[in-house]
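Have a look at the structure below, then the notes.
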Amino acid sequence: MYSVRCKYCGKRAVVSLRYAMLNLCGEHYLNYIISKVEKTIKRYRLVERSKRLLVAVSGGKDSSVLTHVLWSLKSKLDLEIVLFHLHLGLGEYSNKQERAVRELASLLAARPLIVVYAREILPGDGIPELALKVGRSTCSVCGAVKRYLMNVAAMAVRADAIATGHNTDDILAYFLKNLVFGGEEYSLKLTPRTEGLDGLAIARARPLYEVYERETLLYAILSKIPFVHEECPFRPERSIEEVNKDYLNRLEERAPGSKLRLARRFVSMVTGSESTIGEVLACRYCGMPSRSGVCTFCRLTSRVYGEPLGPKAVDIIKAKILESKT
Ligand code: SF4
Ligand code: ZN
Ligand code: ZN
Numbered sequence: 442m443y444s445v446r447c448k449y450c451g452k453r454a455v456v457s458l459r460y461a462m463l464n465l466c467g468e469h470y471l472n473y474i475i476s477k478v479e480k481t482i483k484r485y486r487l488v489e490r491s492k493r494l495l496v497a498v499s500g501g502k503d504s505s506v507l508t509h510v511l512w513s514l515k516s517k518l519d520l521e522i523v524l525f526h527l528h529l530g531l532g533e534y535s536n537k538q539e540r541a542v543r544e545l546a547s548l549l550a551a552r553p554l555i556v557v558y559a560r561e562i563l564p565g566d567g568i569p570e571l572a573l574k575v576g577r578s579t580c581s582v583c584g585a586v587k588r589y590l591m592n593v594a595a596m597a598v599r600a601d602a603i604a605t606g607h608n609t610d611d612i613l614a615y616f617l618k619n620l621v622f623g624g625e626e627y628s629l630k631l632t633p634r635t636e637g638l639d640g641l642a643i644a645r646a647r648p649l650y651e652v653y654e655r656e657t658l659l660y661a662i663l664s665k666i667p668f669v670h671e672e673c674p675f676r677p678e679r680s681i682e683e684v685n686k687d688y689l690n691r692l693e694e695r696a697p698g699s700k701l702r703l704a705r706r707f708v709s710m711v712t713g714s715e716s717t718i719g720e721v722l723a724c725r726y727c728g729m730p731s732r733s734g735v736c737t738f739c740r741l742t743s744r745v746y747g748e749p750l751g752p753k754a755v756d757i758i759k760a761k762i763l764e765s766k767t
């Protein structure tokens, strides 16, 4: 019986990439994704100066794949990688994530791995408890806390950039949402590399910018890396992003390569556009970026705990970094 063969070795193909007109076996598929990420890093100059990257690894498929791929490219690109995991206090889900991250780090013999627990910074609370106390959705508080703590860690290790696992589908779904509902200024930040703010915020790099979500899943399965398969229990049902992803997948089905073309077009559309984020000041408590002189994290924690916890977070993270070096 006829079976499709890998373009490179003639073995039975396990994947057919229609947009690239490529049939690949498992081994050559993994190599293909690694080389795609390498090209993205070079094409968009994702690592500019020190080559030190803080890789934010959640234990989900995308950031685990990102870690695995960057680790494969580490020597070739002369990268220095610091793994950072934030335990968000989302019950058993967060425990599973932490276990997956620790397993991945030990599989790769990757060091240092810095693990920070939300509960040690927010006195005994995880993200859901903090969200309840401030009367905001768990996801919006979670996003703000993650951004803040990642930036603190990246500043402390003097990283050139924070690498996150956003894939093509994530970025396009968010971009379409902002286009329809407003918030274009946030889309401007979702390019493969978003510059930081001198002395205040570290740049963001998105090496999986041109890797589709289905491709990261297949990479995670074929490379047998540990990752948490289930969704976060706090993830909203049928979010606008999910609807956009369905639409984008239907478009891709009908016209292979559409998502890639749209992602590249997006970069050329926003390149040179002025950010309308406005003036950014150092927080008077913790020194992190803010609009008003007090950052979101210090404002939230002052309201709930009666004191800004930014300085405590900075101290805890610095201590963990020192500890990881011993
Ligand atoms: Fe945080 Fe919401 Fe993502 Fe869960 S789904 S990890 S609560 S942002
Ligand atoms: Zn092959
Ligand atoms: Zn602050």
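Letter by letter, the sequence shown follows residues 442 to 767 of this note's numbering.
Ideal Cβ placement from N, Cα and C applies to all residues, glycine included.
Predicted model only: the values in this text are computed from it and were never measured.
Less than 8 Å between C-beta atoms, sequence neighbours within five positions excluded: which residues of the same chain meet that for Gly567? Leu529, Gly530, Leu531, Gly532, Ser535, Ala559 and Arg560
Between Lys452 and ligand 2, is the CB less than 7 Å from at least one heavy atom? yes
Endpoints, the alpha helix (DSSP H) within which Glu682 is located: Ile681 to Arg695
Less than 8 Å between the beta carbons of Leu701 and Tyr449, yes or no? no
Length-filtered (3 minimum) beta strand (DSSP E) runs lying within the region 578-626: 602-604
In the DSSP assignment, find the unbroken alpha helix (DSSP H) run with Leu511 in it and report its ends. Lys502 to Leu518
Per DSSP, what kind of secondary structure is Phe675 in: helix, strand or coil? coil
Is there contact here, the region 600-613 with the region 630-647, by at least three beta-carbon pairs under 8 Å? yes
Whose C-alpha, out of Met596, Ala597, Val598 and Leu571, is nearest the C-alpha of Ala585? Leu571
Straight-line gap, Glu672 to Ser547 (C-alpha atoms, nearest Å): 24 Å
Which residue comes first and which comes last in the alpha helix (DSSP H) that contains Ala541? Glu533 to Leu549
Kindly indicate which three-state DSSP category Thr632 falls into: helix, strand or coil? coil
Leu463: CB within 7 Å of a non-hydrogen atom of ligand 2: no
Three-pair Cβ contact test at 8 Å for the region 637-649 versus the region 599-606: yes
Would you call the region 472-480 and the region 505-515 in contact, with 3 or more CB pairs under 8 Å? yes
Would you say Leu511 and Leu487 are within 8 Å of each other, going by their C-beta atoms? no
Between the beta-carbon of Ile562 and the beta-carbon of Ala754, is there less than 8 Å? yes
Are Lys492 and Asp519 touching if we call contact CB-CB under 8 Å? yes
For Gly467 and Ile662, the rounded distance between their alpha carbons: 10 Å
Just the C-alpha distance for Ala600 and Gly451, rounded to the nearest angstrom, thanks. 42 Å
Does ligand 2 have even one heavy atom less than 7 Å from the beta-carbon of Cys727? no
Shorter than 7 Å, the distance from the beta carbon of Phe616 to the closest heavy atom of ligand 3, or not? no
Tell whether a beta-carbon distance below 8 Å holds between Ile758 and Val593. yes
Under the criterion of a Cβ to heavy atom distance below 7 Å, does Gly606 qualify as lining ligand 5? Ligand 5 is absent from the structure shown, which contains only ligand 1, ligand 2 and ligand 3.
In chain order, what residues of the same chain lie with their CB nearer than 7 Å to the CB of Lys587, ignoring the 5 residues before and after it? Leu527
Hey, would you say the C-beta of Val582 is under 7 Å away from at least one heavy atom of ligand 3? no
Check whether the Cβ of Glu468 sits closer than 7 Å to any heavy atom of ligand 2, and report yes or no. yes
Is it the case that the CB of Arg577 approaches a heavy atom of ligand 1 more closely than 7 Å? no
What does the alpha-carbon distance come out to for the pair Ser499 and Gln538? 6 Å
At what residues does the alpha helix (DSSP H) containing Ser699 begin and finish? Ser699 to Val711
For ligand 3, I want to know if Gly438 counts as a neighbour, meaning its beta carbon is within less than 7 Å of at least one of the ligand's heavy atoms. Because the chain in this structure spans residues 442 to 767, residue 438 falls outside the shown range and cannot be described.
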